[in-house]
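Take a look at the structure below.
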Amino acid sequence: MPALSEMEKKERYYEIFCQIYEEPRRQIYEISKALGIYRKSVSRALQEMLDQEILVGPQLRLKPMRKKPKIYYILDFDDPFRVFEELRKNKNLTYVGVVFGDFPVVAAGDPGIDFDEYSGFKEMLFSGERGEIYTPKASSLGWEECGRRILEEIKKSDTWRKSTWVSEPVDIPWDHQEWEFFLEFCGDIRRKIAPLVREQDVSFRKFYEWLNTLDQYTTTHTWFYPEGYATYTTYLFLFKTKYEHALRDLFSLLPTTPMFFKVGSYLMTLLHIRTDLLIIDLSKAIYTLKERSILEDFYKGIVVWHFRPP
126 MPALSEMEKK
136 ERYYEIFCQI
146 YEEPRRQIYE
156 ISKALGIYRK
166 SVSRALQEML
176 DQEILVGPQL
186 RLKPMRKKPK
196 IYYILDFDDP
206 FRVFEELRKN
216 KNLTYVGVVF
226 GDFPVVAAGD
236 PGIDFDEYSG
246 FKEMLFSGER
256 GEIYTPKASS
266 LGWEECGRRI
276 LEEIKKSDTW
286 RKSTWVSEPV
296 DIPWDHQEWE
306 FFLEFCGDIR
316 RKIAPLVREQ
326 DVSFRKFYEW
336 LNTLDQYTTT
346 HTWFYPEGYA
356 TYTTYLFLFK
366 TKYEHALRDL
376 FSLLPTTPMF
386 FKVGSYLMTL
396 LHIRTDLLII
406 DLSKAIYTLK
416 ERSILEDFYK
426 GIVVWHFRPP
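When you read off a place in the sequence shown, starting at 1, and then add 125, the result is the number in our numbering.
Structure follows, in structure tokens:
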């Protein structure tokens, strides 16, 4: 069988991504049957995707918890790289990022963290509870077509409906072993259960009962980066808008997976961009949205360094 061209490889990668996005624990033989591709070819392509970080996940994220909300902090420090090393040691923080833009540091963790004690602290620009996370399926558009489509859609913004994305906090009733399942599988829900059963005397039945609760208490995320995650720059936006669902739909046109969640009254949006052409179109899009009063306010920046504890 002749080797696939680069274009054919990319098409195959995208087809496999779509299969896993739709059903995160879909088996190799099921993907093979759906796509009409040999199992060995699917397995090899999937391993290439994971090795090159073309596919990241599928991973689990907890829905907002009523009793233990996660807070995002937008912070100003004199020297963000210096304080980054200090903040990453704080066990009450689950994320720390250095941003080049309108604010230098973003952090997430428990409520009520006192940042005054850290060197170079200037001010907290704002903070808010994190809502539910949403990652739409990346599109199959090329970058030029994507930029053109985004600008075309904005021209139709007079017809957009106002909407606010509301997350309902949950109480998670898992027992100790079910939380252990989450910690074991949140980084890769496709992991095999058999080794855990052998090593820890875990019940298959209990595991599959736990799997059936995931839609109620977690969200599942499968990220797609056609040329590998490291190829792209992460742009972070905080949008204040009355058109939250319309903005989610707009940036779902990207060929890389965007990520959205509310932080207080702002819609936090992470976009992964490579080409100069799309950066120009993206900049035009953001300022046109502001001009058309779709955006009431926004912050922007490039994530240059980040840390998430294992």
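For every residue, glycine included, the Cβ atom is placed at its ideal position computed from N, Cα and C.
- For Lys281, there is no enclosing alpha helix (DSSP H), as DSSP marks it with neither H nor E.
- Assigned with DSSP and collapsed to three states, Glu248 falls in strand.
- Between Lys365 and Asp422, the CB-CB gap stays under 8 Å.
- Taking all protein chains in view, the Cβ of Met132 is surrounded by fewer than 16 other Cβ atoms within 10 Å, so the residue is classified as exposed.
- The stretch 223-230 makes contact with the stretch 198-209: 3 or more CB pairs, one atom from each, lie closer than 8 Å.
- Between the stretch 185-197 and the stretch 253-262 there are three or more inter-stretch CB-CB distances shorter than 8 Å, so the stretches are counted as touching.
- About 14 Å separates the Cβ atoms of Gly182 and His397, ruling out a contact at the 8 Å cut-off.
- For Tyr146, the enclosing alpha helix (DSSP H) starts and ends at 131-147.
- Within its own chain, the residues whose Cβ lies closer than 6 Å to the Cβ of Leu392, once the five positions on either side in sequence are excluded, are Phe364, Glu369, listed in chain order.
- In this structure, Ser265 keeps its C-beta atom at 8 Å or more from the C-beta atom of Tyr154.
- The count of Cβ pairs closer than 8 Å, one atom from the stretch 403-414 and one from the stretch 382-389, stays below three, leaving the stretches out of contact.
- Taking one beta carbon from each stretch, the stretch 288-307 and the stretch 163-172 have fewer than 3 pairs nearer than 8 Å; the two do not touch.
- Note on Tyr198: 16 or more other CB atoms within 10 angstroms of its CB, so buried under the neighbour-count rule.
- It is roughly 48 Å from the alpha-carbon of Leu212 to the alpha-carbon of Ala128.
- Looking at the backbone, the Cα of Ser292 and that of Thr338 are separated by about 18 Å.
- Residue state for Pro320 is assigned as helix, using DSSP reduced to three classes.
- Shortest Cα-Cα distance from Cys143 to any of Lys262, Leu336, Tyr424, Arg315 involves Lys262.
- Leu361 places its beta carbon less than 8 Å from that of Val428.
- Counting of Cβ neighbours within 10 angstroms places Gly161 among the exposed residues, the total staying below 16.
- Annotation note: the stretch 352-420 contains the following uninterrupted alpha helix (DSSP H) runs of length 4 or greater, listed N- to C-terminal: 369-376, 401-416.
- In the displayed model, Phe423 falls within a strand according to three-state DSSP.
- In this structure, the straight-line span from the alpha carbon of Thr356 to that of Phe306 is close to 32 Å.
- Going by beta carbons, Lys415 and Lys287 fall outside the 8 Å limit.
- In the three-state reduction of the DSSP assignment, Asp340 falls in the helix class.
- The beta-bridge partner set that DSSP reports for Met190 consists of Val295.
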